[in-house]
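This report refers to the structure that appears directly beneath it.
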Amino acid sequence: MNVLNMLKINILLLFFFVPFSICQKEVDNFTYNPPIADAGQSQNVQLPNNFATLTGSGTSQNGAIVAYLWSLVSGPNIPAIESPGSPTTQISNLIEGAYVFQLMVIDEIGLTGVDKDTVTVIPSLIQTLTLQPGNSTENELNFAVTGPNDVSAHDIDLDAGAWTSSGLTFNIRGAFKFDLSAIPAGATIISAKLSLYSNPTPINGDLTNANSGSNNAMYISRITSDWNGLTSSWQTQPTLSSTDRISIAHTNLSVLDLVDVDVTGMVATMHSTNNYGFMISLQNEVAYNIRQFYSSNHSEITKRPKLVVVYQ
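Pasting the structure below:
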């Protein structure tokens with residue numbers, strides 16, 4: 000092979016291999032950008048709501064996003080992340096405070112990107128619920144007995160007393176219940192005040208004085224079993240709690256309203272467990288002692304039993 004032919008071959012090889020080498024070098028130096036994660040906008044949640052929805056997304060120049068992962072970075076407790084492997088998930092069991100959640104996205108070549116989202120849980124507004132129902136026959140009853148006979152009734156009075164009737168012993172205990180269903184399940188009871196107003200024109204006792212006797216001290220008790228003002232009787236009256244009952248001292252006044260009696264503990268228990276209401280009864284059921292209050296059946300609507308609950 001002469002020199003001229005060798006030169007032609009070398010030039011031809013150079014023509015083919017130099018561009019390939021340059022192209023190979025460009026491929027080796029190519030940089031893949033990681034995917035971009037978007038955890039969504041920060042949000043506020045107000046108690047008693049204790050849940051939120053995280054909505055995320057991801058994009059990648061390298062192809063599709065193939066996986067998502069939500070995780071908790073920080074917070075006042077460990078909430079439940081219901082679908083951590085989905086772009087959208089609900090979180091629950093939140094309490095007051097700030098939470099930071101992280102979203103990781105993975106693209107089809109295995110690169111990852113992350114973003115964070117803040118969820119701030121703020122306390123609920125303080126709200127006041129005033130309850131003063133009328134004609135609450137199902138949720139109010141004077142449990143009463145004369146001798147062996149049940150004489151329970153819905154009266155214009157709500158009484159705690161012991162007297163006589165036609166020579167027979169007469170005992171009476173007033174039960175009443177307020178509808179607490181407007182208070183959200185997760186709410187905290189801040190205060191609860193009960194008001195009972197003496198009836199100056201009573202239908203029991205001496206028919207003149209709302210309060211009579213030398214020992215008319217009474218209890219306000221929390222009822223601990225179910226009852227119904229339409230079907231219950233003296234013989235089937237409900238059970239009472241003795242641990243949180245409130246003692247009301249004897250009075251010589253013929254009329255004495257019980258205004259804003261603190262029943263916070265009782266109402267908190269009713270709200271968190273079962274609401275069976277209150278019962279008033281004498282501490283000692285000895286004849287010729289009685290306390291008589293307006294009932295929900297009385298026409299004087301401003302004097303009916305009233306419960307004011309402040310909650311958050």
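Residue 0 is where the sequence shown starts when you use numbering that gives the first Met the number 0, and the numbers rise one by one after that. C-beta: ideal position from N, C-alpha, C; glycine also. From a predicted model like this one, the values you see are computed outputs, not experimental measurements.
Classified as buried, I279 has 16 or more neighbouring CB atoms from the shown chains inside 10 Å of its CB.
Cα atoms of L124 and Q311: separation of roughly 6 Å, rounded to the nearest angstrom. Within the same chain, T129 and K192 come within 6 Å of V307 by CB-CB distance, once the 5 residues on both sides are set aside. Segment contact: the segment 127-145 against the segment 263-273, fewer than three CB-CB distances shorter than 8 Å; contact not assigned. Here Y218 is bridged, per DSSP, to S246 and S280.
Spatial neighbours of A152 in its own chain (CB-CB distance under 8 Å, excluding positions within 5 residues in sequence) are listed in chain order as L140, N141 and A143. Within a 10 Å sphere around the beta-carbon of N148 sit fewer than 16 other beta-carbons, which makes this residue exposed. Counting C-beta pairs with one atom in each stretch, the segment 170-180 and the segment 251-265 have fewer than three that are closer than 8 Å, which means they do not touch. Short of 6 Å from the beta carbon of P201, and not among the five residues preceding or following it, lie these beta carbons of its own chain, in chain order: D156, A209 and Q291.
In this structure N32 is exposed. Its beta-carbon is surrounded by fewer than 16 other beta-carbon atoms within 10 angstroms. The continuous stretches of beta strand (DSSP E) do not include A38, and DSSP gives it neither H nor E.
Here the alpha carbons of G62 and S41 stand approximately 28 Å from one another.
Excluding sequence positions up to five before and after T58, its CB lies within less than 6 Å of the CB of I35, all in the same chain and listed in chain order.
Excluding five sequence positions before and after L46, the CB atoms of its chain that fall closer than 6 Å to its own CB belong to P122 and S123, given in chain order. Around the beta carbon of N251, fewer than 16 other beta carbons sit within 10 angstroms, so the residue counts as exposed. In this structure the segment 99-118 does not touch the segment 290-305; the number of beta carbon pairs closer than 8 Å is below three. The Cβ neighbour count for T30, taken over all protein chains shown within 10 Å, is under 16; the residue is labelled exposed. For A267, the enclosing alpha helix (DSSP H) starts and ends at T263 to S271. Secondary structure of K302 (DSSP, three-state): helix. With fewer than 16 other Cβ atoms inside 10 Å of its own Cβ, A184 counts as exposed. The continuous stretches of beta strand (DSSP E) do not include V254, and DSSP gives it neither H nor E. Between P78 and G55, the CB-CB gap reaches or exceeds 9 Å.
DSSP, read as helix, strand or coil, puts T235 in helix. In this structure, DSSP gives K115 an extended state, which the three-state scheme calls strand. Residue environment for S197: buried (at least 16 other C-beta atoms within 10 angstroms of its C-beta).
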